[in-house]
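The opening position of the sequence shown corresponds to residue 796 in the numbering used here, with each subsequent residue numbered one higher.
Backbone N, C-alpha and C define an ideal beta-carbon position, used for all residues, glycine too.
This report refers to the structure that appears directly beneath it.
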Amino acid sequence: ASQQDSCATAPYVKLTSNCLVAVVYLCGASVPSLLVSLYRHQEALAIYALPGWRERLRTIVVCGALEGLGVALSVVILGFSGQQRMSSVAAALMNSTVAAGAPCLIAVIFNEPLNFLTKLGICLVALGSSLASGEIDKKVASVTKQGQTYSPINEISSVSNMALIIGSFMVGILWSFGCVGLRYGNLNVPETFACTWPAATALVTYPACIFLPAVVSSMLTLSATDRRLDDLDAELRLRAPVAFACGTLTGTGGLLLNYSLSLSKSTGALHAGVANGVFLLATVLLLSTIYNETLSYIQITGIAILAGAIVLLCMA
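Below you can see the structure in the form of structure tokens.
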């Protein structure tokens, strides 16, 4: 009975832990913007008092909330897809969708022109992210280990798998709205506030992004039993500090992206494409180095495609 309770508790603890870690990560990501805003607090308060900035506030918050919905949904989907052995497919689809979705949404919403090199680079970033992540390798290896032949058609043969695929695609789209909100918030920035405006805008985005994941985490935590809380506490002690530190580093990169968006007039989609490509490439290389993972031929191909896509976007 004890073993059965442990098996039943494990998925719940993992799901709740992932939700809480996502919240901790996002809190860490808000730190750089908070520090800049505090350091230049007079300028930040002046920005918040501007009618032009207040007009953007509702859209910025809505975009942040949509991204937060994507974060919460991704945790649930990845938790459920793990039980269906579809987590690799879901993760690859989320990465490739946001890689292409963010720059495409920015281009469409803000009517930014995309030349051939930019379009090609964005498509290659999406393709490279799917291959370099190693998620496809995991799925192929899992199916092959069972003595079966891998076929993508088999992945969508059931209603549950189709729902997971559609949900993963929607997660990528929702994540993309985070970049849309940042682009809108950093359009036509006054030169007098050029150093503080991006940080002040990002600082408003993070609470909106954190809200829904925090609500889901709170609901799961409050409904947990004492035993589950003990298991959850043990897991968070290991993961939360690392998540917060990684979030802070990611937030620093996001702040730099905000500055580049504030300086661009009609190249927001291009900047988002380059940022996504560099982020995904750096993620794969860092993970393979830190965890001493051997890269497969598919991953190496994906890394080469990502590198080529970044070069193309820089030339566009």
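Look at Val984 here: in three-state DSSP terms it is coil, with no helix or strand label. In this model, Ala1064 and Asn910 are separated by some 11 Å (Cα to Cα).
The beta-carbon separation of Gly967 and Cys858, rounded to 15 Å, does not stay under the 8 Å limit for a contact. No residue range can be given for Ser1061, since it is assigned to no alpha helix (DSSP H) and is classified by DSSP as neither H nor E.
Judged by DSSP in its simplified three-state form, Arg835 adopts coil rather than helix or strand. Counting other Cβ atoms within 10 Å of its Cβ, Leu1056 reaches 16 or more and is therefore classed as buried.
Nearest C-alpha to His836 among Leu1052, Leu959, Ile1095, Trp992: Trp992. If you draw a 10 Å sphere on the C-beta of Asn813, you find 16 or more other C-beta atoms in it, and that means buried. A contact is defined here as three or more CB-CB pairs under 8 Å, and the segment 1061-1077 fails this definition with respect to the segment 983-990. Cα atoms of Gly916 and Leu1107: separation of roughly 6 Å, rounded to the nearest angstrom. Taking C-beta atoms as the reference points, Gly1072 and Ala894 count as a pair closer than 9 Å. In this structure, DSSP gives Asn906 a state outside helix and strand, which the three-state scheme calls coil. A residue is called buried when at least 16 other Cβ atoms come within 10 angstroms of its Cβ; Glu850 does not meet this threshold and is exposed. If you draw a straight line from the Cα of Gly1103 to the Cα of Ser1083, it comes to about 20 Å. Taking C-alpha positions only, Leu1007 is separated from Leu815 by approximately 11 Å.
Between the segment 886-902 and the segment 1039-1053, the count of Cβ pairs shorter than 8 Å is below three; the stretches do not touch. With contacts defined by Cβ atoms closer than 9 Å, Leu1075 and Ala886 do not form a contacting pair. In the displayed model, Glu862 falls within a helix according to three-state DSSP. If you check the CB distance, Asn906 and Asn981 do not come in under 9 Å. Closest option to Leu810, judged by alpha-carbon separation, among Ser869, Leu852, Leu830: Ser869.
Taking the Cβ atoms as the reference, Gly865 lies roughly 18 Å from Leu1015, outside the contact range of under 8 Å. The Cβ atoms of Ala824 and Gly1049 sit closer than 9 Å to each other.
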